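Take a look at the structure below.
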Ligand code: GTP
Ligand code: MG
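Numbering (the working numbering), first residue to last: 33 to 585.
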């Protein structure tokens, strides 16, 4: 669940400084560092997964003596990294430098004696620290890392203190993006889940996908997971005598039926044996069957899917676009935040535009700039090497993995200009006739009469926004137009630290979202008729390119 609906209170902020001798200095954000070193998406994911396998999650007293705690754990081996956070109680994530430490730690950990109930004797890496006697406060308190985003009013205040819209959008990304610790915790939760699923399928891996890894994740977003069973198929075929063995297997009516049956069993296991996993729901009839649950110690809402390799490839594609130019992430974070505030997107499934669709729309818009800021998906395929070849269920999902092969054109547009033009572009887009196609980087004739048609990047006969109805699309277009207009108003461009300006002015409840305009500066003084006239005038944008004209082109 999005934290706009499901709030963990923001905790004490501050950078944590390690004190125990066994602890190395905190390192630079792994993803940023790996991207700088030009590691591929897969290499970054593997590194994080391996780190998670060497980590434990420990519930501990909030006034914990950090030095004592670390000294105690260091008996089992060197600690590479650790941090504390709060989620209905204090927790520590501790990453050891070797997996042997986990085995040693488990050796000295007990199954608790439970009064009036009985314990499921499952030895997981989610532990509780028992501290004898009461905790003294005569030691420095550990710093707790924040795992949830600030409120919209806090964001708005922060943005109003900036000096330009460009600075505002950069600040927004830095405020909302997943922190290094939050990403580690996400990978650790996947790894804890893997230990449960591994009881049935020892070769399985649970991998995060979606906004946890696509570089557009915001603090508080859900953890999308894939139960990856591909390792099971990878056996070495020894040639020689001509004899070979096969496993006898149960068969299901279809891939989908097998996926449903695997997920229903894993779902049951998570429900009955998974410590900290609550509210497990099997949603197996969905287009993409899934098990949804809350992981209480982390506060994450989790969606576990299986047989969903295309979604992982889509995450890689978005990650790649996000790495190519910093403006991509700033614009995506801004548009996602703007859409959420105005209820264009929602945490509840329905006829709304999804964050995934919005991100593809930003990519498409950036492919349309002159010169383009982002290359087409076809171009990314052309640049791919032999090892990048990837075909999933008959769909060619090949994209280049080496970012250094991609050359970009010189485009120096400011973020302010791009934001303004994004709203103008979609405020005038001929949605009635055209579809959005990032593979070609050009709008195409819509093959169906659905309100919004965004071609699925890899399964090219599908529309990723099929769920969107005409009303939701109209609300989106009306808000784009209104925001384009607001960005043209002088009073919104004048810096002011006591009322929202620039991007923050776009986060005030709007007419189009039906929430009224009483909080707006100055605008409230204008009669509605003149506001609408101004709005219409602003849409006759440069070159007289109006909706009708574009639609008839
Ligand atoms: P959040 O809203 O922050 O969770 O963004 P997200 O990108 O994680 O979106 P979501 O959790 O809804 O979906 C997870 C991933 O599933 C996306 O990143 C896509 O890769 C994929 N996905 C979501 N919706 C669709 C869809 O309609 N079609 C296809 N092909 N993939 C989708
Ligand atoms: Mg998600």
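Cβ atoms here follow ideal geometry from the backbone N, Cα and C, with glycine treated the same way.
On a predicted model such as this, the values are computed, not experimentally measured, just so you know.
Taking all protein chains shown into account, decide if residue i is buried (16 or more other Cβ within 10 angstroms of its Cβ) or exposed.
{"i": "residue 173", "result": "exposed"}
{"i": "residue 314", "result": "buried"}
{"i": "residue 281", "result": "exposed"}
{"i": "residue 509", "result": "buried"}
{"i": "residue 338", "result": "buried"}
{"i": "residue 198", "result": "buried"}
{"i": "residue 353", "result": "buried"}
{"i": "residue 250", "result": "buried"}
{"i": "residue 20", "result": "Residue 20 lies beyond the stretch modelled for the chain, which goes from 33 to 585, so this question has no answer here."}
{"i": "residue 277", "result": "exposed"}
{"i": "residue 226", "result": "buried"}
{"i": "residue 426", "result": "exposed"}
{"i": "residue 142", "result": "exposed"}
{"i": "residue 503", "result": "exposed"}
{"i": "residue 275", "result": "exposed"}
{"i": "residue 377", "result": "buried"}
{"i": "residue 181", "result": "buried"}
{"i": "residue 380", "result": "exposed"}
{"i": "residue 72", "result": "buried"}
{"i": "residue 414", "result": "exposed"}
{"i": "residue 546", "result": "For residue 546, the predicted model reports a pLDDT of 48, less than 50, meaning its position is unreliable; a value from the coordinates is still stated below. With fewer than 16 Cβ atoms within 10 Å of its Cβ, residue 546 is classed as exposed."}
{"i": "residue 481", "result": "exposed"}
{"i": "residue 74", "result": "exposed"}
Along the chain, where does the beta strand (DSSP E) that runs through residue i open and close?
{"i": "residue 257", "result": "255 to 260"}
{"i": "residue 241", "result": "237 to 241"}
{"i": "residue 338", "result": "332 to 338"}
{"i": "residue 325", "result": "322 to 327"}
{"i": "residue 90", "result": "87 to 92"}
{"i": "residue 309", "result": "309 to 315"}
{"i": "residue 160", "result": "158 to 160"}
Leaving out the 5 sequence neighbours to the left and right, which residues in its chain are closer than 7 Å to residue i when beta-carbon positions are compared?
{"i": "residue 478", "result": "465, 466, 467, 485"}
{"i": "residue 445", "result": "401"}
{"i": "residue 516", "result": "452, 455, 456, 459, 570"}
{"i": "residue 144", "result": "151"}
{"i": "residue 329", "result": "89, 91, 119, 123, 158, 308"}
{"i": "residue 559", "result": "Residue confidence for residue 559 is low, a pLDDT of 44 falling below 50, so the modelled location carries little weight; the figure read from the coordinates is stated next. Once the five neighbours on either side are set aside, residue 559 has no close Cβ partner at all."}
{"i": "residue 373", "result": "184, 539"}
{"i": "residue 527", "result": "195, 533"}
{"i": "residue 292", "result": "316, 321"}
{"i": "residue 505", "result": "463, 483, 484"}
{"i": "residue 586", "result": "Since the first residue shown for the chain is 33 and the last is 585, residue 586 is missing from the structure and cannot be characterised."}
{"i": "residue 391", "result": "248, 350, 364"}
{"i": "residue 450", "result": "359, 363"}
Taking the continuous alpha helix (DSSP H) assigned at residue i, which residues delimit it?
{"i": "residue 299", "result": "287 to 305"}
{"i": "residue 202", "result": "197 to 208"}
{"i": "residue 531", "result": "Taken as a continuous stretch (DSSP letters only), residue 531 belongs to no alpha helix (DSSP H), as it is neither H nor E."}
{"i": "residue 356", "result": "341 to 356"}
{"i": "residue 394", "result": "387 to 399"}
{"i": "residue 278", "result": "Segment: none, residue 278 is in no alpha helix (DSSP H) and carries neither H nor E."}
{"i": "residue 522", "result": "522 to 525"}
{"i": "residue 184", "result": "184 to 192"}
{"i": "residue 6", "result": "Absent from the model: residue 6. The displayed extent of the chain is 33 to 585, so no value can be given."}
{"i": "residue 459", "result": "447 to 459"}
Looking only at its own chain, which residues have a Cβ that is under 8 Å from the Cβ of residue i, when we skip the five neighbours before and after it?
{"i": "residue 204", "result": "187, 191, 362, 365, 366, 369, 535"}
{"i": "residue 163", "result": "92, 93, 96"}
{"i": "residue 301", "result": "228, 229, 231, 232"}
{"i": "residue 501", "result": "383, 483"}
{"i": "residue 297", "result": "232"}
{"i": "residue 207", "result": "181, 182, 187, 190"}
{"i": "residue 305", "result": "152, 154, 228"}
{"i": "residue 236", "result": "226, 229, 230, 259, 260, 261, 263, 264"}
{"i": "residue 238", "result": "222, 223, 225, 226, 229, 257, 258, 259, 260, 336"}
My understanding is that residue i touches residue j, with C-beta atoms under 8 Å, so please give their C-beta distance in whole angstroms.
{"i": "residue 131", "j": "residue 85", "result": "6 Å"}
{"i": "residue 496", "j": "residue 388", "result": "6 Å"}
{"i": "residue 334", "j": "residue 257", "result": "6 Å"}
{"i": "residue 472", "j": "residue 410", "result": "6 Å"}
{"i": "residue 332", "j": "residue 218", "result": "7 Å"}
{"i": "residue 412", "j": "residue 432", "result": "5 Å"}
{"i": "residue 347", "j": "residue 241", "result": "4 Å"}
Closer than 6 Å by C-beta to residue i: which residues in its own chain qualify, once you throw out the five before and the five after it? Chain order, please.
{"i": "residue 554", "result": "For residue 554, the pLDDT reaches just 43, beneath the cut-off of 50, and the residue's location in the model is therefore unreliable, although a value from the coordinates is still provided. Same-chain partners within the cutoff: 523."}
{"i": "residue 429", "result": "345, 422, 490"}
{"i": "residue 113", "result": "127"}
{"i": "residue 133", "result": "108, 109"}
{"i": "residue 357", "result": "405"}
{"i": "residue 57", "result": "At residue 57, the pLDDT of 36 sits below 50, so the modelled position is not reliable; the number obtained from the coordinates is stated separately. Cβ within range, chain order: n/a, list empty."}
- Pick out the complete beta strand (DSSP E) segments inside the segment 110 to 149, 3 residues or longer, and give them in chain order. 111 to 118, 122 to 128
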